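Data block below; observations after.
Number of protein chains: 2
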Amino acid sequence: MSNQDACTPGSSPPPLLDADEAAALAAAFKAVGDPTRLRLLHLIAAHDGGEACVCDLTAAFDLAGPTISHHLRVLREAGLVTGDRRGTWIYYRVRPDALAALSRVLLMEGVPA
Amino acid sequence: MSNQDACTPGSSPPPLLDADEAAALAAAFKAVGDPTRLRLLHLIAAHDGGEACVCDLTAAFDLAGPTISHHLRVLREAGLVTGDRRGTWIYYRVRPDALAALSRVLLMEGVPA
DNA sequence: ATCCTGATTCGACACCCGTCTACCTTCATT
DNA sequence: AATGAAGGTAGACGGGTGTCGAATCAGGAT
Numbered sequence: 001m002s003n004q005d006a007c008t009p010g011s012s013p014p015p016l017l018d019a020d021e022a023a024a025l026a027a028a029f030k031a032v033g034d035p036t037r038l039r040l041l042h043l044i045a046a047h048d049g050g051e052a053c054v055c056d057l058t059a060a061f062d063l064a065g066p067t068i069s070h071h072l073r074v075l076r077e078a079g080l081v082t083g084d085r086r087g088t089w090i091y092y093r094v095r096p097d098a099l100a101a102l103s104r105v106l107l108m109e110g111v112p113a
Numbered sequence: 001m002s003n004q005d006a007c008t009p010g011s012s013p014p015p016l017l018d019a020d021e022a023a024a025l026a027a028a029f030k031a032v033g034d035p036t037r038l039r040l041l042h043l044i045a046a047h048d049g050g051e052a053c054v055c056d057l058t059a060a061f062d063l064a065g066p067t068i069s070h071h072l073r074v075l076r077e078a079g080l081v082t083g084d085r086r087g088t089w090i091y092y093r094v095r096p097d098a099l100a101a102l103s104r105v106l107l108m109e110g111v112p113a
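In order, the protein sequence lines correspond to chains A and B. The UniProt record's numbering numbers the first residue of the first sequence as 1 and each following residue consecutively. The UniProt record's numbering numbers the first residue of the second sequence as 1 and each following residue consecutively.
Next up, the structure:
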């Protein structure tokens, strides 16, 4: 099937990114693959102290409250943000470690050639 | 609506990532937000000379040929890979500059706080 | 206790996306 | 020119996703 001698001679690359790992990483990238969620991430990170409450985030979009809440949940379940309640408001902040991990994947760290 | 004095006092953040820019970047991230496409990117980058022909890529997945072709088109239209025909085969290679640009977005480069 | 507000959850709808089979295009070889 | 293979295109099907309105939950204030 793979005519190894004619197509790319002498190359038999290892998986290097197995299906499970690729699925987990792709899920995180899919969370960022939405304009609203991408803007949410940057709005949160740009706020004072690196945290923002939902009311400020909702005010920045022409979207209904439940929609923002849905996007925040997607980001939360992807491990990209954390949200904790302090009194009446819920404050969200980004997880720089998670974003850095995704960044490394894009830079092909650990890829031979 | 945005009770600025009670929620996060003294913060009026600029857009910092307008809707158009966010849409363009999100489209690129969405292209990476699929396990098959993420593995395709790494497979291409890991091949000798940083390029791989479609026959090798197709052989690495349990997917039909047209499906791989579809994913390659998504990656190509997102500006993440380039493909040029040399004789019978079409060789794909990644665009490191595009991936680096996405990487910078995740690292929140240019975000104040 | 009651009410009000911030935020999430629940259903529902329209739309997009990944996958396939069948067919077409392009190139090399005979 | 004709055949065969590599790769792409077209159309269709099933499941996933963004969006909303209405209902619900959680805290603070009256």
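We put the CB at the ideal spot given by N, CA and C, even for glycine. Remember, predicted model here, so these are calculated numbers, not experimental data.
In the pairwise beta carbon analysis, the stretch 35 to 49 of chain A is classified as touching the stretch 19 to 26 of chain B: at least three pairs are separated by under 8 Å. Listed along chain A are Ser-103, Leu-106 and Leu-107, each with a C-beta nearer than 7 Å to that of B/Ser-103.
In chain order, Asp-34, Thr-36, Arg-37 and Leu-40 place their CB closer than 8 Å to the CB of B/His-71, counting only its own chain and leaving out the 5 sequence neighbours on each side. Assignment of B/Val-111 by DSSP, reduced to helix, strand and coil, places it in the coil class.
In the assembly as shown, A/Glu-51 is a buried residue. Its beta-carbon has 16 or more other beta-carbons within 10 Å. If you ignore the 5 residues before and after A/Arg-93, its C-beta comes within less than 7 Å of the C-beta of Ile-44, Gly-50, Glu-51, Val-81 and Thr-82, all in its own chain and listed in chain order.
By a beta-carbon distance limit of 8 Å, A/His-42 contacts B/Met-108. Their separation comes to about 7 Å. In the three-state DSSP reduction, B/Gly-79 falls in the coil class, being neither helix nor strand.
Check the Cα spacing between B/Ala-27 and each of B/Cys-55, B/Leu-75, B/Asp-62 and B/Pro-112: the tightest is with B/Leu-75.
Per DSSP, B/Arg-93 lies in no alpha helix (DSSP H); the unbroken beta strand (DSSP E) holding it starts and ends at 89 to 94. In the DSSP assignment, the residues bridged to B/Asp-84 are B/Tyr-91. The beta carbon of B/Leu-25 sits closer than 6 Å to the beta carbons of Val-105 from its chain, once the five residues preceding and following it are set aside; these are given in chain order. Listed in chain order, the non-local C-beta contacts of A/Leu-102 below 8 Å within the same chain comprise Leu-25, Ala-28, Phe-29 and Val-32, local neighbours out to five positions each way being set aside.
In chain B, no part has a C-beta under 8 Å from the C-beta of A/Leu-72; the shortest such distance is about 15 Å.
Per DSSP, reduced to three states, the secondary structure at B/Ala-60 is coil, with no helix or strand assignment.
Inter-residue distance for A/Ala-64 and B/Pro-96 is about 38 Å (C-alpha atoms, whole angstroms). Under a criterion of Cβ atoms nearer than 8 Å, the residues of chain A adjacent to B/Gly-50 are, in order, Ala-113. From the beta-carbon of B/Asp-34, the residues of chain A found nearer than 7 Å are Ala-26. Counting only Cβ-Cβ distances below 7 Å, B/Arg-76 has no contacts in chain A at all, with the closest Cβ about 17 Å away.
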